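J.: So that we are looking at the same thing, I have put the structure below in structure tokens.
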Amino acid sequence: MPPPPPRTSTPPSHARMRSPSTSRAPAVHPLPPKPAAPPPPPADWNISRSKVPYAPTRRLTPAGSVLVPLSPAEMERYRNYPGGAGTLILRKKRRREGEGILGSNSDPKRERDEDDEARGAKKRRVGDVGIVVDHWCNTAECLALRPSSPYWVPAQGSHNARPEVGVTQRQESPIIGLKSFNNWVKSVLITRFAHPVLAASPTSGARSGGGGKGKVLDMGCGKGGDLTKWAKARVKEYVGLDIASVSIDQAQQRHAQLRGHRFTAAFLALDCYSHSLSSALPPAMLVPSFDAVSMQFCMHYAFESEEKARCMLENVSTWLREGGVFIGTIPNADQLLDRLDALPPDASELSFGNSVYKIRFENRRERSTYGQRYWFYLQDAVDDVPEYIVHWDNFIK
1 MPPPPPRTST PPSHARMRSP STSRAPAVHP LPPKPAAPPP PPADWNISRS
51 KVPYAPTRRL TPAGSVLVPL SPAEMERYRN YPGGAGTLIL RKKRRREGEG
101 ILGSNSDPKR ERDEDDEARG AKKRRVGDVG IVVDHWCNTA ECLALRPSSP
151 YWVPAQGSHN ARPEVGVTQR QESPIIGLKS FNNWVKSVLI TRFAHPVLAA
201 SPTSGARSGG GGKGKVLDMG CGKGGDLTKW AKARVKEYVG LDIASVSIDQ
251 AQQRHAQLRG HRFTAAFLAL DCYSHSLSSA LPPAMLVPSF DAVSMQFCMH
301 YAFESEEKAR CMLENVSTWL REGGVFIGTI PNADQLLDRL DALPPDASEL
351 SFGNSVYKIR FENRRERSTY GQRYWFYLQD AVDDVPEYIV HWDNFIK
């Protein structure tokens, strides 16, 4: 009997190998149909365009105040100025251009530090500016006050020495209480006497847009500490003068950062006790006359001599309109002289004060109308400068 045929073992189904030629192809999904093109517009359809030219009746900013570039002199000054966030950025960019970006001599940590410093300076100066570029306002009147103008009167001296500080430093100042009191005094004067005059002013500010009425001349405006007070008074036009050009720079930048009511403002570095306003300001800025003239904590400097005092008073009386107001704040001469007289007869130094302030007289017997000098020091504010007694009785007839 022949042997049975050999059996071939069949592998389990899960172990069967598929030929590549018999592998299943992936499923293909058809693309969605393309949307139909929109129908063409009707033949008679057209965009209606107005024929009226653009001529706004209510402007928020004066015409010509936009896109006025810095002059070459201003750009050069800004590049070379040794402080401020913008200068730090320019300095870093200039160094990168010289060394190559991330070159062998670059220090990434230093780059970050300068960036942080620039951002910190920018943050600290919101609402309280630092020293800024001398970029005058852009109205037609202000453009005449650039250094190349015949109206430009340079101001020099120790008044330019003290820089601006930030908000934090001011709040931590040992004389913050005194500064707050001084601001309160000025606010009361402006609210009580200037507000009514400005509201009744015939100057409606037709040369620029926005609300407000009246013109203000701020002689000795400093760094613009009263700009917010005048904004609350709804003033229309403002002219700020100060002997310190650095303070004028800061005042202009502070005006640019004002919130709420905006008004036209011009700033000029000028010694108002030695120059007439007509020789320093263009006629268009002086006419019509001012509704209010303000001199806060600065009028006593004019009493160095009779000539300076008369120049100051002439500037006020000439350009203050009839019915306008002249407001100001000066040291109390009676208090100063009483403290001087209370010193012992054999005092080696005619001075009084404390750790925050000091007042020093040159002699005890002088009581002249002009030139009665004393030296004043106030921490965080005044660096031992000469000031002059103003006898209030001389203003009373």
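Take the sequence shown: its letter number 193 is residue 193 in UniProt numbering, and every next letter is one higher.
We put the CB at the ideal spot given by N, CA and C, even for glycine.
Just so you know, these numbers come straight off a predicted model, no measurement behind them.
Using a Cβ-Cβ cutoff of less than 6 Å, which residues in the same chain neighbour Q252 once the five nearest sequence positions on both sides are dropped?
T.: Once the five neighbours on either side are set aside, the close Cβ partners of Q252 are F267.
J.: Sorted by chain position, which residues of the same chain lie with C-beta nearer than 7 Å to P386's C-beta, five sequence neighbours on each side aside?
T.: R373, W375.
J.: Take every Cβ of the region 333-344, pair it with every Cβ of the region 301-316, and state whether three or more of those distances are shorter than 8 Å.
T.: Under the 8 Å Cβ criterion, the region 333-344 does not count as touching the region 301-316, having fewer than three qualifying pairs.
J.: Could you give the distance in angstroms between the alpha-carbon of V390 and the alpha-carbon of K236?
T.: Rounded to whole angstroms, V390 to K236 spans 32 Å at the Cα level.
J.: Is the Cβ-Cβ distance between F326 and A292 less than 9 Å?
T.: yes
J.: What does the alpha-carbon distance come out to for the pair S71 and D249?
T.: In this model, S71 and D249 are separated by some 16 Å (Cα to Cα).
J.: Following the continuous beta strand (DSSP E) through D291, name the residue where it begins and the one where it ends.
T.: Segment 290-296, the beta strand (DSSP E) holding D291.
J.: Would you mind stating whether residue 405 and F297 have Cβ atoms separated by less than 9 Å?
T.: Not covered by the structure: residue 405. The range shown for the chain is 1 to 397.
J.: Tell me whether A144 is buried or exposed, calling it buried when 16 or more other Cβ atoms sit within 10 Å of its Cβ.
T.: The predicted model places A144 with a pLDDT of 36, which falls under 50 and marks its position as unreliable; any figure quoted below should be read in that light. Classification for A144: buried.
J.: For Y388, which residues in the same chain have their Cβ closer than 7 Å to its Cβ, ignoring the five residues on either side in sequence?
T.: Result list for Y388: H300, Y301, F303, E304, G371, Q372, R373, in chain order.
J.: Checking 9 Å against the spacing of the C-beta atoms, do Q379 and S355 come in under that value?
T.: yes
J.: Tell me which residues share the same chain as I175 and place their Cβ nearer than 7 Å to its Cβ, disregarding the 5 neighbours each side in the sequence.
T.: V356, L378, Q379, D380, A381
J.: So, helix, strand or coil for N138, using DSSP?
T.: With a pLDDT of 35 at N138, under the threshold of 50, the modelled position of that residue is not reliable, and the figure given next carries that caveat. Here N138 sits in coil by DSSP.
J.: Looking at the secondary structure, which residues open and close the beta strand (DSSP E) in which L241 lies?
T.: Boundaries of the beta strand (DSSP E) around L241: 237-242.
J.: Can L258 and L227 be called in contact, C-beta distance under 9 Å?
T.: Going by C-beta atoms, L258 is nearer than 9 Å to L227.
J.: Alpha carbon to alpha carbon, how far is P39 from P33?
T.: 18 Å
J.: Considering S317, what are the terminal residues of the alpha helix (DSSP H) in which it resides?
T.: 306-319
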